[in-house]
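In the UniProt record's numbering, the protein residues as written are 1 to 105. Ideal placement from N, C-alpha and C gives every residue a C-beta, glycine not left out. Computed from a predicted structure; not experimentally measured.
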Amino acid sequence: MEHIAALLLIVGCSGDLGECQELPAPTPIYETFEECQAEMPASRRELDGQAPRVLATCVYVDPALEYEDATIEWDITKDGKLVGSIEPATSYNVAMQQDHRTTRH
1 MEHIAALLLI
11 VGCSGDLGEC
21 QELPAPTPIY
31 ETFEECQAEM
41 PASRRELDGQ
51 APRVLATCVY
61 VDPALEYEDA
71 TIEWDITKDG
81 KLVGSIEPAT
91 SYNVAMQQDH
101 RTTRH
């Protein structure tokens, strides 16, 4: 199994950054954070035209954590920068989801 050190996150936004959505990265995973950063400009250019503004960032993957049930959390800062992180699901979140499904039946 290969070691993953970084994920490439690419987001396409409206011109005013009011509406954004994730775009599929050409190569989403990298063995080193530096490799992700080196490939980011070319990957971003490849998706230019998919949205008025295309933003990208490399998200560090902590090898000490297990990410079986994790989510990528991202936001656009006030100065227009894309920031992201990987957040492992907690047992509390899973329990809440199970409770929610149970009450719907």
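Per DSSP, Glu87 is not a residue of any alpha helix (DSSP H); the beta strand (DSSP E) it occupies stretches across Leu82 to Pro88. For Cys58, same chain residues with a beta-carbon under 8 angstroms away, outside a window of 5 residues either side, are Ala6, Leu7, Leu8, Leu9, Tyr30, Phe33, Cys36, Gln37 and Met40 in chain order.
Annotated three-state conformation of Glu73 is strand, per DSSP. DSSP, reduced to helix, strand and coil, places Ala42 within a helical segment of the structure shown. The C-beta separation of Ala89 from Asp62 comes to about 15 angstroms, leaving the pair out of contact by the 8 angstroms criterion. With respect to the C-alpha of Leu55, the residue from Pro26, Lys78 and Val83 having the closest C-alpha is Val83. Residue pairing of Gly12 in beta bridges, as defined by DSSP: Gln21 and Val54. Residues Gly84, Ser85, Ile86 and Glu87 of the same chain have their beta carbon placed closer than 8 angstroms to that of Glu73, with the five preceding and five following residues left out of the count. Distance between Ile4 and Gly12, taken at the CA atoms: about 24 angstroms.
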